[in-house]
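Enquirer: Residues in the sequence shown are numbered from 125 upward in steps of one, following our numbering.
I have a structure I would like to understand better, so I am pasting it below and will then ask my questions one at a time.
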Amino acid sequence: MRGYDRSSLILAVVLAVLTAAGATAIAAGISENELATLRKAAITDNPSAPTMRPQGNTDLRQVRNYPEQPPVIPHKIEGYQVDANVNKCMTCHSRTAIEESQAPMVSITHFMDRDGQFLASISPRRYFCNQCHVPQHEVKRPVDNTFVDVDTVLGGGQ
Ligand code: HEC
Ligand code: HEC
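Dropping the structure here:
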């Protein structure tokens, strides 16, 4: 019974916070529909989906926003198979493939298991590349952000 009481209390608090947030947004001049959906249509409407933009394919490696960032993919990956049988990415990015492909090799962290041991080939936890690496599309940002990297924070840096 105690558990039941507590969850009703949490629900009531959540509802109160949501109502307050909604009221603030309306007060700030954002319409209810815009808040509910980035599609710019009422939640009850079913507008046709915007056309997909093509994947970026500049072949130019892009700056990383912080050292641990998985680099974004500067080429198309449409139709690349990555499953239990085949890893298309590794046909270019594996240690032995790079001489021919001239692609950067997957880094040493990709050979480490969770205990920090180096394996002979790609670690299972790095096998599904697209968990971390993503291709780019030329699109208008739906939401702006004010991210600045650490060099800017430190005042210029290298
Ligand atoms: C046909 C060879 C080939 C295949 C297949 C391929 N790549 Fe690449 N990749 C490259 C080359 C070459 C580069 C260097 C930049 C360029 O030429 O696009 C690169 C660059 C990258 C980079 C940027 C690295 C950096 O340091 O900025 C990432 C990340 C990457 N690829 C991930 C992938 C993933 C994930 C897949 C599979 C979905 C994949 N690649 C499949 C050849 C390939
Ligand atoms: C769990 C997340 C994760 C997965 C899965 C993953 N990577 Fe990465 N990758 C990273 C991170 C983080 C970096 C940058 C730091 C580093 O090298 O570890 C990176 C770096 C790279 C680089 C640049 C290496 C360099 O020295 O410049 C390439 C190329 C790359 N990954 C390709 C791949 C490919 C191909 C796969 C799939 C076989 C893959 N990655 C799977 C997180 C991941």
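In this text, a Cβ means the ideal position worked out from N, Cα and C, and glycines have one as well.
Tell me whether the beta-carbon of K200 lies closer than 7 Å to the beta-carbon of Q179.
Expert: Your numbering for residue 200 matches position 76 in the sequence shown. Your numbering for residue 179 matches position 55 in the sequence shown. Result yes, Cβ atoms of K200 and Q179 sit closer than 7 Å.
Enquirer: Which full runs of the alpha helix (DSSP H) of 4+ residues lie inside the region 189 to 266, going along the chain?
Expert: With a minimum length of 4 residues, the continuous alpha helix (DSSP H) runs that stay inside the region 189 to 266 are 214 to 217 and 222 to 225.
Enquirer: By DSSP's criteria, Q179 is part of a beta bridge. Which residues make up the other side?
Expert: Taking the sequence shown and counting its residues from 1, the one referred to as residue 179 is at position 55. In DSSP, Q179 forms a bridge with H261.
Enquirer: Going by DSSP in three states, T276 sits in which element: helix, strand or coil?
Expert: Within the sequence shown, numbered from 1, the residue matching residue 276 stands at position 152. Helix at T276.
Enquirer: Only counting the same chain, and skipping five residues up and downstream in sequence, which positions put a Cβ closer than 7 Å to that of T215?
Expert: What you label residue 215 is simply residue 91 of the sequence shown in a count that begins at 1. Around T215: A221.
Enquirer: If I measure Cβ to Cβ from L162 and keep anything under 7 Å in the same chain, skipping five residues before and after, which residues do I get?
Expert: Stepping through the sequence shown from its first residue, residue 162 is reached at position 38. So the qualifying residues of the chain are P266.
Enquirer: Whole angstroms is fine: what's the gap from V196's alpha carbon to T168's?
Expert: Along the sequence shown, one-based indexing puts residue 196 at 72. Along the sequence shown, one-based indexing puts residue 168 at 44. So the alpha carbons of these two residues sit roughly 35 Å apart.
Enquirer: Is the closest heavy atom of ligand 1 to the C-beta of H257 under 6 Å?
Expert: Counting from one through the sequence shown, the residue named residue 257 turns up at place 133. At least one heavy atom of ligand 1 is nearer than 6 Å to the Cβ of H257, so yes.
Enquirer: Can you tell which of M236, Q255 and R188 has its C-alpha closest to the C-alpha of D207?
Expert: Numbered from its first residue, the sequence shown carries residue 207 at position 83. Checking every option, the nearest Cα to that of D207 belongs to Q255.
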